[in-house]
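In the numbering used here, the protein residues as written are -1 to 553.
Beta carbons are placed, not taken as given, at the ideal position from N, Cα and C, and that holds for glycine.
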């Protein structure tokens, strides 16, 4: 026969105990579950009985209220009726829901519901009949006993439902009692067997002291591993906390300088750096420009600009790789970093990128050896810093564009105002031009009249010239008449010369101004009309001059 080892015996004992516990637990659970199911069924039966009793009571209350109102005519008796009617409907609905798992009871409750509905209709009709015809009318026709058959059927059905539920209740109580006894028996027997196994296990466990040291050693190793895991988790938590704090500092509407100052300050504080600088990359100049520094006694000694590949910091930006500068340096120009001094042992230079584009370079200086967690933290959050810097730069560009657009909008408004003033001036000039056109039309009409008069006078002049020609043959005879006629003619021509030339010269001056169109505000037709007026006026003036010359010759 195979002899089991101590460990196997203990394991077997535990296995038997576990199996026994599970078996007892399962059996107990099933027994308790059965007990609870039976208890629920018992409660369900009690509820059915209660609802049935409440239903008959609500109907009795409603019928009593109806009869009291019909007998006395007082509205106060309708209160039980008003309460009982909806309560009866509610109880019927609830009763149907409770017995839906029992076909016989369901059929009874369905029939019961019909009688209840019929009884409620009868009570409602009695109240309406009383309101319309009065009590005597109802008594004469024995209407108060209407619904007796329905109530008898309701009582019979409810009693039948309750009796059936009471029978079920007795069966369920008996089943519940049996389940309770069975549960108790299982728990007691299982506990006794479990106690025996525990005693046996306790006996065997006393022989395990020799194995305790081995177990303790294993626990020690496990604790060491756990400590290592805890340290790793602590380092991760430290990184996450620092990242969260830095992200909080980078939130909000910040300029590039404000953001750089917050970033370098938070990095130095969180990583215990002695000092640090933050250079931003300028695409236009292709160089790094100092944007923020931390804990410098004399910031003027820091290089303000660094070309790519210039010194260690510029070379890091060119190589796109972080670099740790170690050792005690006697000559800081050896590496040409921005912060490394004689008393500092290490500085960490890390480039900042966004979408593979250089955004800047951060340099942090430490006493002694730089902690690996600090290096991992700075490398981890460099991408977040690049995103923040790019966002700030984009915000600055958007702000500049907004100001430019706003300035252009103001200029556009000024131009619109100038255009409005110009339009008003054009409107005024148009009105003046219209007035000038009207005056010109009037003057043209006057000129036509003058031309007609001149034509008439020219005709007269021709007649007179003819008369003069005829008179030449008799000049010796009519010398006296000719002298008198010449005197009158000279006076007439002198007067006509003054009266005709003055308005004609004004017309010619106005026509010349309109024809020249100095202000370029006349149409081609208007200029054409002005030219016609000017030419006609000149012709008329020439004719008048010829007439005057002729008169002088004749004189």
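Q: Please classify residue 417: is it buried, with 16 or more other beta-carbons within 10 angstroms of its beta-carbon, or exposed?
A: Indexing the chain shown from 1 puts residue 417 at position 419. Counting every other CB atom within 10 Å of its CB across the protein chains shown gives residue 417 a total below 16, marking it as exposed.
Q | Delimiting residues of the beta strand (DSSP E) encompassing residue 292 | A | For the purposes of this step, residue 292 is taken as the residue at position 294 of the chain shown. Counting along the chain, the beta strand (DSSP E) containing residue 292 begins and ends at 285 to 292.
Q: Helix, strand or coil for residue 172, going by three-state DSSP, please let me know.
A: On the chain shown, position 174 is the one that residue 172 refers to. When DSSP states are grouped into helix, strand and coil, residue 172 belongs to the helix group.
Q: State the CB to CB distance for the pair residue 40 and residue 107, rounded to an integer number of angstroms; the pair is presumed to be in contact (CB under 8 Å).
A: On the chain shown, position 42 is the one that residue 40 refers to. On the chain shown, position 109 is the one that residue 107 refers to. The beta-carbon separation of residue 40 and residue 107, rounded to 20 Å, does not stay under the 8 Å limit for a contact.
Q: Return helix, strand or coil for residue 253, following the three-state DSSP convention.
A: For the purposes of this step, residue 253 is taken as residue 255 along the chain shown, with counting starting at 1. Three-state result, residue 253: coil.
Q. If you follow the alpha helix (DSSP H) that residue 131 is part of, which residue opens it and which one closes it?
A. Against the chain shown, residue 131 aligns to sequence position 133. DSSP places residue 131 inside the alpha helix (DSSP H), whose first and last residues are 101 to 131.
Q) Which partner residues does residue 380 have in the DSSP bridge list? A) The sequence position of residue 380 within the chain shown is 382, counting from 1. Beta-bridge pairing links residue 380 to no other residue.
Q | Spatial distance of residue 385 from residue 351 (CA atoms) | A | Residue mapping note: residue 385 aligns to position 387 of the chain shown, counting from 1. Residue mapping note: residue 351 aligns to position 353 of the chain shown, counting from 1. About 8 Å.
Q: Note the first and the last residue of the continuous alpha helix (DSSP H) segment covering residue 90.
A: Locating residue 90 in the chain shown gives position 92, counting from the first residue. Boundaries of the alpha helix (DSSP H) harbouring residue 90: 76 to 96, taken from the DSSP string.
**Q.** When 423, 95, 131 and 354 are compared against residue 46, the one with the closest alpha-carbon
**A.** Along the chain shown, read from residue 1 onward, the residue named residue 46 stands at position 48. Taking residue 46 as reference, the option from 423, 95, 131 and 354 with the minimal CA-CA separation is 95.
Q) So, does the CB of residue 62 fall closer than 8 Å to a CB anywhere in chain B? A) Protein chain content of the structure displayed is limited to a single chain, and chain B is not contained in it.
(Q) Quick check on DSSP: helix, strand or coil for residue 274? (A) As a position in the chain shown, residue 274 is number 276, starting the count at 1. Residue 274 falls in the strand class under three-state DSSP.
(Q) Just list the residues that DSSP pairs residue 358 with in beta bridges. (A) Residue numbering aside, residue 358 sits at position 360 when the chain shown is read from its first letter. Beta bridge pairing from DSSP links residue 358 with 278 and 350.
Q) What do you reckon, are the CB atoms on residue 276 and residue 293 nearer than 8 Å? A) Residue 276 sits at position 278 when you count from the first residue of the chain shown. Residue 293 sits at position 295 when you count from the first residue of the chain shown. No, the pair does not count as a contact, with Cβ atoms beyond the cut-off.
Q. Helix or strand or just coil, what does DSSP make of residue 529?
A. In the chain shown, the residue the question calls residue 529 occupies position 531. Three-state result, residue 529: helix.
Q: Can you have a look at residue 368 and say buried or exposed, based on whether 16 or more other CB atoms are within 10 angstroms of its CB?
A: As a position in the chain shown, residue 368 is number 370, starting the count at 1. Here residue 368 is buried. Its C-beta has 16 or more other C-beta atoms within 10 Å.
Q | Burial state of residue 273, where buried means 16 or more other Cβ atoms lie within 10 Å | A | As a working note, residue 273 is residue 275 in the chain shown. Residue 273 is buried by the Cβ-count criterion.
Q. Taking three-plus beta-carbon pairs below 8 Å as touching, is the segment 418 to 430 in contact with the segment 276 to 285?
A. The segment 418 to 430 is not in contact with the segment 276 to 285.
Q: Please classify residue 344: does DSSP put it in a helix, a strand, or coil?
A: Start at 1 with the first residue of the chain shown, and residue 344 comes out as number 346. Correct three-state label for residue 344: strand.
**Q.** Given 8 Å, three or more beta-carbon pairs between the segment 372 to 391 and the segment 242 to 258
**A.** Using a Cβ-Cβ distance cut-off of 8 Å, the segment 372 to 391 and the segment 242 to 258 are in contact, since at least three pairs of beta carbons, one from each stretch, lie closer than that value.
Q) By DSSP, does residue 321 sit in helix, in strand, or in coil? A) To locate residue 321, count along the chain shown from 1; it is residue 323. Note: residue 321 maps to strand in three-state DSSP.
Q: Consult DSSP for residue 555 and reduce its assignment to one of helix, strand or coil.
A: For the chain, the structure presents residues -1 to 553; residue 555 sits outside this window and is missing.
Q: Pick helix, strand or coil for residue 534, following the three-state DSSP scheme.
A: For this step, residue 534 is matched to residue 536 along the chain shown. Looking at residue 534 - three-state DSSP - the assignment turns out to be helix.
(Q) Taking 7 Å as the limit between beta carbons, can you name the residues of its chain near residue 520, skipping five residues before and five after? (A) Locating residue 520 in the chain shown gives position 522, where the first residue counts as 1. These residues qualify, in order along the chain: 512.
(Q) Does the distance between the C-beta of residue 196 and the nearest non-hydrogen atom of the ligand ATP fall short of 7 Å? (A) Absent from the structure shown: the ligand ATP. Ligands present: none.
Q: Taking residue 509 and residue 525 to be in contact with their CB atoms under 8 Å, please state how far apart those CB atoms are, rounded to whole angstroms.
A: Here the question's residue 509 lines up with position 511 in the chain shown. Here the question's residue 525 lines up with position 527 in the chain shown. By a beta-carbon distance limit of 8 Å, residue 509 does not contact residue 525. Their separation comes to about 10 Å.
**Q.** Cα-Cα separation, residue 82 to residue 60
**A.** To locate residue 82, count along the chain shown from 1; it is residue 84. To locate residue 60, count along the chain shown from 1; it is residue 62. Going from the Cα of residue 82 to the Cα of residue 60 covers about 5 Å.
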